[in-house]
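Down below is the structure, laid out as structure tokens.
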Amino acid sequence: METDAPSPRSIAASFRGALGLCRQALGHGARLALDIALPTLCVACREPVSGHGVCAACWSQLSFIAPPYCERLGIPFVYDPGPGILSMQAIADPPAYARARAAVRYDEVARTLVHALKFHDRVDLAPTMGRWMAQAGAPLLQDADLLVPVPLHWRRGFSRRYNQSGALARAISRQANVPVSRDALRRVRATAHQIGLSKSERAANVQGAFRVPSENKATVQGRRIVLVDDVLTSGATVDACARALLRARAASVDVLVFARVVDTHKSPI
Numbered sequence: 001m002e003t004d005a006p007s008p009r010s011i012a013a014s015f016r017g018a019l020g021l022c023r024q025a026l027g028h029g030a031r032l033a034l035d036i037a038l039p040t041l042c043v044a045c046r047e048p049v050s051g052h053g054v055c056a057a058c059w060s061q062l063s064f065i066a067p068p069y070c071e072r073l074g075i076p077f078v079y080d081p082g083p084g085i086l087s088m089q090a091i092a093d094p095p096a097y098a099r100a101r102a103a104v105r106y107d108e109v110a111r112t113l114v115h116a117l118k119f120h121d122r123v124d125l126a127p128t129m130g131r132w133m134a135q136a137g138a139p140l141l142q143d144a145d146l147l148v149p150v151p152l153h154w155r156r157g158f159s160r161r162y163n164q165s166g167a168l169a170r171a172i173s174r175q176a177n178v179p180v181s182r183d184a185l186r187r188v189r190a191t192a193h194q195i196g197l198s199k200s201e202r203a204a205n206v207q208g209a210f211r212v213p214s215e216n217k218a219t220v221q222g223r224r225i226v227l228v229d230d231v232l233t234s235g236a237t238v239d240a241c242a243r244a245l246l247r248a249r250a251a252s253v254d255v256l257v258f259a260r261v262v263d264t265h266k267s268p269i
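In UniProt numbering, the protein residues as written are 1 to 269.
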């Protein structure tokens, strides 16, 4: 009995299919070998961890901020005082921005993450930190037209080679589908580090340090902006940035940070 010989086209298709299977097998093998040789590490303590993110020990030490909190400042309340209640800080010294939200409290693990991103070239942490920020700031991002990272002065940016706030803003943008403008705001005056300064000294340090360039005012005007930074301490820096954006006729300015300092010695309400 005679059989039909396979056509050249079917032989080629079979060859391509077999080649695709070989590629998949080789790719899987290469990834497996890489996982064995270079296991995924905890972004905080660098211990091996299954999957991505932080290990169980570091995760248990992160203090994520969730309601109830001050609607204006995002400061967590010890108990739920009811909807629309503001903290004493928000009433006594209201900021220029409308709302602030943070993913976590600025504790030991959060400090490790921030310092690694900011000072030790760990830009690989930005996607994880940005994902947590996008979750914490979801209501702000739903209304946002634009993300603006807090800018570095050009000299500091040159020495660091990147802006950590810009890295976080890009990660949030991928999560929330909100565009980023890194040129909407400019730091026109070099400032000293805020570490170790009092609240009034921090405010004086950044006064007049930020400006919306004239060529970028059209980008800002009428836009609902979310200002992105790594840490909120006294709020002096983001407040100065918000004032500059509002002077350029932004419709509103909210603030989204990775971590915020929470003074447990002061009653929030």
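Cβ coordinates follow ideal geometry from the N, Cα and C atoms, glycine included.
Of the choices the options, whose alpha-carbon is the least far from that of residue i?
{"i": "Val231", "options": "Arg186, Ala102, Cys55 and Cys70", "result": "Ala102"}
{"i": "Val180", "options": "Pro149, Arg186 and Gln194", "result": "Pro149"}
{"i": "Ala90", "options": "Pro83, Gly82 and Arg99", "result": "Arg99"}
{"i": "Cys58", "options": "Ala110, Thr191, Val123 and Tyr79", "result": "Ala110"}
{"i": "Ala242", "options": "Ala259, Ser200 and Arg211", "result": "Arg211"}
{"i": "Cys70", "options": "Gln135, Ser60 and Leu86", "result": "Leu86"}
{"i": "Leu140", "options": "Glu47, Val253 and Ala259", "result": "Val253"}
{"i": "His120", "options": "Thr237, Gln164 and Ser214", "result": "Gln164"}
{"i": "Ser200", "options": "Asp93, Ala56 and Cys55", "result": "Asp93"}
{"i": "Ala176", "options": "Ser214, Leu147 and Ser198", "result": "Leu147"}
Given a cut-off of 9 Å, decide if residue j and residue i are closer than it, judged by their beta-carbon atoms.
{"i": "Leu168", "j": "Leu117", "result": "yes"}
{"i": "Val206", "j": "Val226", "result": "no"}
{"i": "Ala171", "j": "Arg131", "result": "yes"}
{"i": "Tyr97", "j": "Asp229", "result": "no"}
{"i": "Leu73", "j": "Gly235", "result": "yes"}
{"i": "Tyr162", "j": "Val188", "result": "no"}
{"i": "Ala204", "j": "His153", "result": "no"}
{"i": "Gln61", "j": "Asp107", "result": "yes"}
Can you give me the Cβ contacts of residue i inside the same chain, cut-off strictly under 7 Å, excluding the 5 residues immediately before and after it?
{"i": "Asn216", "result": "Asp183 and Ala184"}
{"i": "residue 273", "result": "With the chain represented from 1 up to 269, any question about residue 273 goes unanswered, as that position is not in the structure."}
{"i": "Met133", "result": "Ala103, Leu168, Ile172, Leu256 and Phe258"}
{"i": "Ile75", "result": "Tyr69, Ser87, Gln89, Val262 and Pro268"}
{"i": "Ala251", "result": "Gly222, Arg223 and Arg224"}
May I ask which residues mark the beginning and end of the alpha helix (DSSP H) holding residue i?
{"i": "Ile85", "result": "No alpha helix (DSSP H) contains Ile85, which DSSP labels as neither H nor E."}
{"i": "Val238", "result": "Ala236 to Arg247"}
{"i": "Val114", "result": "Glu108 to Phe119"}
{"i": "Ser173", "result": "Gln164 to Ala176"}
{"i": "Ala184", "result": "Run containing Ala184: none; DSSP gives neither H nor E here."}
{"i": "Thr233", "result": "Looking at the DSSP string, Thr233 is not in any alpha helix (DSSP H), and its letter there is neither H nor E."}
{"i": "Val188", "result": "Val188 -> no alpha helix (DSSP H), and no H or E assigned at all."}
Can you list, in chain order, the residues of its chain with a C-beta nearer than 6 Å to that of residue i? Leave out the 5 residues immediately preceding and following it.
{"i": "Gly137", "result": "Arg101 and Leu256"}
{"i": "Ala144", "result": "Val178, Arg224 and Val226"}
{"i": "Thr233", "result": "Val261"}
{"i": "Cys45", "result": "Cys58"}
{"i": "Arg105", "result": "Ser63 and Val262"}
{"i": "Gln194", "result": "Arg202"}
{"i": "Ala30", "result": "Because Ala30 carries a pLDDT of 41, less than 50, the predicted location of this residue cannot be relied on, and no value is offered for it."}
{"i": "Arg174", "result": "none"}
Reducing DSSP to helix, strand and coil, say where residue i ends up.
{"i": "Ser63", "result": "coil"}
{"i": "Pro127", "result": "helix"}
{"i": "Arg202", "result": "helix"}
{"i": "Ala98", "result": "coil"}
{"i": "Pro151", "result": "coil"}
{"i": "Ile225", "result": "strand"}
{"i": "Pro48", "result": "strand"}
{"i": "Leu140", "result": "helix"}
{"i": "Ala218", "result": "helix"}
{"i": "Ala56", "result": "helix"}
{"i": "Asp35", "result": "Here the model assigns Asp35 a pLDDT of 42, short of 50, so the residue's position is not dependable and the matter cannot be decided."}
{"i": "Ala209", "result": "coil"}
Can you list, in chain order, the residues of its chain with a C-beta nearer than 8 Å to that of residue i? Leave out the 5 residues immediately preceding and following it.
{"i": "Leu125", "result": "Val43, Leu113, Ala116 and Leu117"}
{"i": "His28", "result": "Bear in mind that a pLDDT of 48 at His28, under 50, signals an unreliable position, so the number given afterwards is only what the model happens to contain. Contacts found: none."}
{"i": "Arg249", "result": "Lys217, Val220, Gln221 and Gly222"}
Where do the N-terminal and C-terminal ends of the beta strand (DSSP E) with residue i fall, by residue?
{"i": "Val257", "result": "Ser252 to Arg260"}
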